[in-house]
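2 protein chains.
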Amino acid sequence: MAMQMFSRSLPMMLYSTLDAVMPRFRKIFNEFGLTEQQWRVLRVLWEAENVSFHELASITLIPAPSLVGVIDRLSQSALVERRRSETDRRKVFVHATKKGNELESRVRPRVVRVYAELQASIDTEVWEQLMAGFDQVIATCQPAESNTNQKNTTDI
Amino acid sequence: MAMQMFSRSLPMMLYSTLDAVMPRFRKIFNEFGLTEQQWRVLRVLWEAENVSFHELASITLIPAPSLVGVIDRLSQSALVERRRSETDRRKVFVHATKKGNELESRVRPRVVRVYAELQASIDTEVWEQLMAGFDQVIATCQPAESNTNQKNTTDI
DNA sequence: ATTATTTAATTAATATGTTAATTATTCACA
DNA sequence: TGTGAATAATTAACATATTAATTAAATAAT
Numbered sequence: 001m002a003m004q005m006f007s008r009s010l011p012m013m014l015y016s017t018l019d020a021v022m023p024r025f026r027k028i029f030n031e032f033g034l035t036e037q038q039w040r041v042l043r044v045l046w047e048a049e050n051v052s053f054h055e056l057a058s059i060t061l062i063p064a065p066s067l068v069g070v071i072d073r074l075s076q077s078a079l080v081e082r083r084r085s086e087t088d089r090r091k092v093f094v095h096a097t098k099k100g101n102e103l104e105s106r107v108r109p110r111v112v113r114v115y116a117e118l119q120a121s122i123d124t125e126v127w128e129q130l131m132a133g134f135d136q137v138i139a140t141c142q143p144a145e146s147n148t149n150q151k152n153t154t155d156i
Numbered sequence: 157m158a159m160q161m162f163s164r165s166l167p168m169m170l171y172s173t174l175d176a177v178m179p180r181f182r183k184i185f186n187e188f189g190l191t192e193q194q195w196r197v198l199r200v201l202w203e204a205e206n207v208s209f210h211e212l213a214s215i216t217l218i219p220a221p222s223l224v225g226v227i228d229r230l231s232q233s234a235l236v237e238r239r240r241s242e243t244d245r246r247k248v249f250v251h252a253t254k255k256g257n258e259l260e261s262r263v264r265p266r267v268v269r270v271y272a273e274l275q276a277s278i279d280t281e282v283w284e285q286l287m288a289g290f291d292q293v294i295a296t297c298q299p300a301e302s303n304t305n306q307k308n309t310t311d312i
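Those protein sequence lines, which keep their order, are chains A and B.
Using my numbering, read the first sequence as starting at 1 and increasing by one per residue.
Using my numbering, read the second sequence as starting at 157 and increasing by one per residue.
What follows is the structure, encoded as structure tokens:
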């Protein structure tokens, strides 16, 4: 059946792997009333204290238009706050509230544990080759636009 | 900066790789008024002629509730048609129309070409190790539910 | 200094993802 | 043979993705 070629294409394998891996994490997030994207934002803010909207979009891989809504909902839950830059009124900084920071000690250990189990179940060599493969594909496709609304200066 | 650990986690690397790879394909799809998901459905129907809704969800990795809308819109564009099974009135089969089939010769060569370029730019060994890594991760996470609304009988 | 350009965040419109519930059939079995 | 459980597709409600357009502020060039 020639359909196997399609199912084993790089994009479909990437989607399959995500479908295999993510449900167990989303289950944890949902226990704390968080979505996957909300988790990603908090995960970054727990380490960086104060991050610009642009950086946040870039690091979390959440497209800017989506991130607006994600932060809106995190704000309404009083987990993060926006703060406009004083030096450049266009920029917005985001930081976790006390309530947002308190979530870390409850959620993160659960996630770390599941992630450790996952990694432990994969041969170290296979894991490293997987990462090397990602790096090569990403490097090859380079400055092809990421979805964070950055300009593409390569193919104009 | 400890943020690198997060950015190099398996899920984030999967998302990064998709962000690097997919835009060039979506650009082609959009030229023909297709979304990525519509492409996937057609890609399957061009080879299989007549596929059940359930199989379609499973092969395209489109969650059943999303697939309903995808097929609705493909139907309105007269590219596919639904057909209820006579033997089991619950089941729905989907097939491409003449118009839908005629798209193949125009779209698919463009996609095949870009895909070949992508694959050619990656070392064969790296590519194979990447696929092997996917297989191992997927096998490890096994019957953990895929998002096609199938029942999970492992952790009840 | 003024205007054109660029940048940062946002809005808008539409499509899809996620999770739970629903409806219509079919199946198993008392 | 009728009734409850299981299955297939769908709907519902909400969140996010995609693409293009918009708004506000800062910069560059005149």
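We put the CB at the ideal spot given by N, CA and C, even for glycine.
- Scanning the region 211 to 281 of chain B for uninterrupted alpha helix (DSSP H) segments of 4 residues or longer gives 220 to 232, 254 to 276, listed from N- to C-terminal end.
- For B:Ser165, no alpha helix (DSSP H) segment is defined, and its DSSP state is neither H nor E.
- If you check each beta-carbon in the region 285 to 299 of chain B against every beta-carbon of chain A, the ones closer than 7 Å belong to Gln285, Leu286, Met287, Ala288, Gly289, Phe290, Gln292, Val293, Ile294, Thr296, Cys297.
- With a cutoff of 8 Å on beta-carbon distance, B:Ala234 and B:Leu201 are scored as not near each other.
- Across the set B:Leu166, B:Arg229, B:Val267, the C-alpha of B:Arg229 shows the shortest separation from the C-alpha of B:Gln194.
- From the listed residues B:Gln232, B:Thr280, B:Glu203, the smallest Cα separation to B:Leu190 is found for B:Gln232.
- Nearest to B:Glu211 by alpha-carbon distance, out of B:Lys247, B:Glu237, B:Arg266, B:Arg182, is B:Lys247.
- Interface criterion met: the Cβ of A:Val21 is under 8 Å from a Cβ in chain B.
- Taking a Cβ-Cβ threshold of 9 Å, none of the residues of chain B is close to A:Leu45; the smallest such distance is about 11 Å.
- If you look at A:Ala48, you'll find it in the alpha helix (DSSP H) that goes 36 to 48.
- B:Ser172 counts as buried, since at least 16 other C-beta atoms from the protein chains shown sit within 10 angstroms of its C-beta.
- Separation of the CB atoms of B:Ser222 and B:Phe249 is rounded to 19 Å, and the pair is thereby denied contact status at 8 Å.
- Each residue's CA atom was taken as its position, placing B:Glu203 and A:Leu118 some 36 Å apart.
- Closest option to A:Arg24, judged by alpha-carbon separation, among A:Arg89, A:Arg40, A:Arg84, A:Val114: A:Val114.
- A straight line joining the alpha-carbon of A:Ser121 with that of B:Arg266 spans about 39 Å.
- Inter-residue distance for B:Arg196 and A:Glu86 is about 47 Å (C-alpha atoms, whole angstroms).
- Along the region 66 to 94 of chain A, there is no position whose C-beta sits under 9 Å from a C-beta of chain B.
- At a cut-off of 8 Å, the C-beta of B:Leu212 has no neighbouring C-beta in chain A.
- Sequence-ordered contacts of the region 107 to 123 of chain A with chain B read Tyr115, Leu118, Gln119, Ser121, Ile122, Asp123 [C-beta pairs closer than 8 Å].
- In this structure, B:Leu170 keeps its C-beta atom at 8 Å or more from the C-beta atom of A:Leu10.
- Remark: C-beta atoms of B:Leu259 and B:Phe188 approach each other more closely than 8 Å.
- Apart from sequence neighbours up to five positions away, the residues of its chain that approach B:Phe162 with a beta-carbon distance below 7 Å are Met168, ordered along the chain.
- From the listed residues A:Ile138, A:Asp123, A:Asp135, A:Arg106, the smallest Cα separation to A:Arg43 is found for A:Arg106.
- One thing to note: B:Val177 has its Cβ within 8 Å of the Cβ of A:Val137.
- The residue among A:Thr60, A:Thr140, A:Ile71, A:Phe29 with its C-alpha nearest the C-alpha of B:Gln160 is A:Thr60.
- Against chain A, a Cβ distance below 8 Å from B:Ile215 picks out Met3, Phe6, Ser7.
- A distance below 8 Å separates the beta carbons of B:Val282 and A:Ala132.
- Per DSSP, the beta-bridge partners of A:Val51 are A:Val94.
- For A:Ala96, no chain B residue has a C-beta closer than 7 Å to its own C-beta; the minimum C-beta separation is roughly 14 Å.
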